[in-house]
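Protein chains: 2
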Amino acid sequence: MSNLSDLNIIKIGGNVIDDPAKLETFLEKFAALPGKKILVHGGGKIATRIASDLGLEAKMVDGRRITDAEMLKVVTMVYAGLTNKSVVANLQKYGCDAIGLSGADGNAIKAVKRPVREIDYGFAGDILADSVNGHAIRRFLESGFTPVFSAITHNGSGQLLNTNADTIASALAVGLASSYNVSLLYCFEKDGVLLDVNDNTSVIEVIKKADFTSLKEKHIVHEGMIPKLQNAFDAINKGVRSVFIGNADNLHLYQQQKFGTRLTD
Amino acid sequence: MSNLSDLNIIKIGGNVIDDPAKLETFLEKFAALPGKKILVHGGGKIATRIASDLGLEAKMVDGRRITDAEMLKVVTMVYAGLTNKSVVANLQKYGCDAIGLSGADGNAIKAVKRPVREIDYGFAGDILADSVNGHAIRRFLESGFTPVFSAITHNGSGQLLNTNADTIASALAVGLASSYNVSLLYCFEKDGVLLDVNDNTSVIEVIKKADFTSLKEKHIVHEGMIPKLQNAFDAINKGVRSVFIGNADNLHLYQQQKFGTRLTD
Chain A
0 MSNLSDLNII KIGGNVIDDP AKLETFLEKF AALPGKKILV HGGGKIATRI ASDLGLEAKM
60 VDGRRITDAE MLKVVTMVYA GLTNKSVVAN LQKYGCDAIG LSGADGNAIK AVKRPVREID
120 YGFAGDILAD SVNGHAIRRF LESGFTPVFS AITHNGSGQL LNTNADTIAS ALAVGLASSY
180 NVSLLYCFEK DGVLLDVNDN TSVIEVIKKA DFTSLKEKHI VHEGMIPKLQ NAFDAINKGV
240 RSVFIGNADN LHLYQQQKFG TRLTD
Chain B
0 MSNLSDLNII KIGGNVIDDP AKLETFLEKF AALPGKKILV HGGGKIATRI ASDLGLEAKM
60 VDGRRITDAE MLKVVTMVYA GLTNKSVVAN LQKYGCDAIG LSGADGNAIK AVKRPVREID
120 YGFAGDILAD SVNGHAIRRF LESGFTPVFS AITHNGSGQL LNTNADTIAS ALAVGLASSY
180 NVSLLYCFEK DGVLLDVNDN TSVIEVIKKA DFTSLKEKHI VHEGMIPKLQ NAFDAINKGV
240 RSVFIGNADN LHLYQQQKFG TRLTD
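Sequence order for the protein chains is A and B. Anchor point for the first sequence: position 202 equals 201 in numbering that gives the first Met the number 0, and the numbering is continuous, going up by one each time. Anchor point for the second sequence: position 121 equals 120 in numbering that gives the first Met the number 0, and the numbering is continuous, going up by one each time.
Below, the structure written as structure tokens:
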């Protein structure tokens, strides 16, 4: 048993952000979760809608946004401004002492502009190893604040960068794994990793690293889950204690150890 | 002499925010200023332009913005998102460990929605006495961070509020006056309080409280300066050590005690 204190890092995506009632319920449950915690939120559809209202066309390649200079302004406004501050104000309402952060704030997370190969993703940020400023984030956590990260980082030279929220959550988890017993919770639209993708009651409770290889080989888990699980086990290999994959609506079940699928060593 | 350490609170407005070259130069000088400091920035014209691009009409009464629900989204996006994070990323570039905050973050500044009398200002926030959370802001300052406040606050019940940046700066100064030797610097387009409003070299170096009454009676200072000076002396009456009024371009002269006009007890 380690002497480190527990830290839960929870990532929510568009299916929560875009649904005001679902978001409100989630934030109340998140606020009620005891102990040290960090929230990471993705963007949702608001940025795309506002970009469109401003006459900008959303350019996507393989599901990834191309972030030109104008689109960077929009995602910075929406993710780090509108969404982040609304989430923080609502958490404060529920008694959670949240502070909204981008990677630039406190130099918390640095990234590099994605190198141009076949595709120029524009101002998209890739997080390198050791880019998480554990010292700064520990200062927030140890002061009693709950950091709420939007999916915007910086390169340290004044450039903001649009960065995948899943990647931010996992980089934070790995970067803080030497200071805390980190559990990483990915919220998505299903109740967990399903044995039968069409049956939301077929949640697999625990997947151990050794099981994963066998599940892959036997094609038991759905193809689309493989990269998510791979990323989760990568984080576990780098010191994260557990990764959970489940439904934001069920966050209140986490303390009863009944939240989604637990991935572990 | 008090044993409190010094704290400089500097407010910049639209004339700096709207001019990228001027802003860049200012941020470099701000970053170079030693000791504890807080930056407060107003909005500038970007919010009005983006609102207009989104088909919203800016409604002003007596120079004050009417903030309906849609306009609140725009100012939250622009002030707390685009402007705040750009400023923070640029300060980080110059080695200043900035964190961007709204009043919701860390529950730093609460406000109340302005009561509707003749005019309904919408989601405009008024800061009441004791609305500054000195405990939270001290935690940021003592951790070595430089807070950068946008002109957005909250009411503690989940509602964000558009709030005058001059008022935020002065509320912070008064709220922190028992913990620090606070100097409050208002940057505007002139080099200081002028004896002759058409002569930028006619800066009055020091105005003491007793002088102010006489300057008012003799109509020596320009009519438009009276409310600014009145607010400054109100802050001084509430424990702020000095208030300076000067030009952002001259911030580098502050350490040589040559910045603008100094108002003092």
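Don't be surprised by glycine CBs; every beta carbon is placed ideally from N, CA and C.
- Contact between Val131 (chain A) and Ile98 (chain A) is ruled out by a C-beta separation of about 17 Å, above the 8 Å threshold.
- Between Gly238 (chain B) and Val173 (chain B), the alpha-carbon positions lie close to 6 Å from each other.
- Distances from the alpha-carbon of Gly43 (chain A) to those of A:Asn83, A:Phe232, A:Gly54 and A:Lys36 put A:Asn83 closest.
- Cα atoms of Arg113 (chain A) and Thr162 (chain A): separation of roughly 10 Å, rounded to the nearest angstrom.
- Three or more Cβ pairs closer than 8 Å define a contact, and the region 16-34 of chain A meets that threshold against the region 245-256 of chain A.
- Unbroken alpha helix (DSSP H) stretches of 4 residues or longer found wholly inside the region 184-216 of chain A: 208-216, given in chain order.
- The region 192-205 of chain A makes no contact with the region 2-10 of chain B: fewer than 3 CB pairs, one atom from each, lie closer than 8 Å.
- Residue-level contact by beta carbon holds for Val87 (chain B) and chain A, with a gap shorter than 7 Å.
- Here Ala176 (chain A) has Gly238 and Val239 as same chain residues with Cβ atoms under 6 Å from its own Cβ, once five neighbours each way along the sequence are excluded.
- If you draw a straight line from the Cα of Ala231 (chain B) to the Cα of Arg116 (chain B), it comes to about 27 Å.
- By the criterion of a C-beta distance shorter than 8 Å, Arg137 (chain A) is surrounded in its chain by Leu175 and Ser178, once the five residues flanking it on both sides are discounted.
- Here DSSP, grouped into helix, strand and coil, assigns Asp52 (chain B) to helix.
- The continuous stretches of alpha helix (DSSP H) do not include Lys237 (chain A), and DSSP gives it neither H nor E.
- Straight-line spacing of the CA atoms in Ala103 (chain B) and Ile151 (chain B) works out to 8 Å.
- Secondary structure of Lys28 (chain A) (DSSP, three-state): helix.
- With a contact defined as Cβ atoms closer than 8 Å, Val39 (chain B) and Phe148 (chain B) qualify at about 5 Å.
- In this structure, Lys28 (chain A) lies away from Thr145 (chain A), with their beta-carbon atoms at least 7 Å apart.
- One alpha carbon belongs to Lys207 (chain A), the other to Ile167 (chain B), and they sit about 52 Å apart.
- Residue pairing of Ser182 (chain B) in beta bridges, as defined by DSSP: B:Asn7 and B:Ser241.
- Judged by DSSP secondary structure, Lys84 (chain B) falls within the alpha helix (DSSP H) whose first and last residues are Asn83 to Lys92.
- Going by C-alpha positions, Ala170 (chain B) is about 14 Å away from His134 (chain B).
- Those residues of the region 78-109 of chain B placed with their C-beta closer than 8 Å to a C-beta in chain A are Tyr78, Ala79, Gly80, Leu81, Asn83, Lys84, Ser85, Val87, Ala88, Asn89, Gln91, Lys92, Asp96, Ala97, Ile98, Gly99, Leu100, Ser101, Ala103, Asp104, Gly105 and Asn106, ordered along the chain.
- Residue pairing for Pro146 (chain B): DSSP places it in a beta bridge opposite B:Ile98.
- A straight line joining the alpha-carbon of Ile11 (chain A) with that of Leu183 (chain B) spans about 40 Å.
- In this structure, A:Asp17 is the residue among A:Leu193, A:Asp17 and A:Met224 with its C-alpha nearest to the C-alpha of Gly41 (chain A).
- Of all residues in the region 152-168 of chain B, those with a C-beta nearer than 8 Å to a C-beta of chain A are His153, Gly155, Ser156, Gly157, Gln158 and Leu159, reading in chain order.
- Counting every other CB atom within 10 Å of its CB across the protein chains shown gives Thr75 (chain A) a total of 16 or more, marking it as buried.
- When DSSP states are grouped into helix, strand and coil, Leu127 (chain B) belongs to the coil group.
- A distance of 7 Å or more separates the beta carbons of Thr263 (chain A) and Gly191 (chain A).
- By the Cβ-count criterion, Ile118 (chain A) is exposed, with fewer than 16 other Cβ atoms from all chains shown falling within 10 Å of its own Cβ.
- By the neighbour-count definition (other C-beta atoms within 10 Å, threshold 16), Asn2 (chain A) is an exposed residue.
- When only Cα atoms are considered, Ile235 (chain B) and Ser241 (chain B) end up about 7 Å apart.
- Inter-residue distance for Gly155 (chain A) and Lys189 (chain B) is about 33 Å (C-alpha atoms, whole angstroms).
- Using a Cβ-Cβ cut-off of 7 Å, Phe144 (chain A) is close to Gly105 of chain B, given in chain order.
- Beta-bridge analysis with DSSP links Thr166 (chain A) to no other residue.
- The residues Lys10 and Ile244, in chain order, have a CB closer than 6 Å to that of Tyr185 (chain B) in the same chain once the five nearest residues on each side in sequence are set aside.
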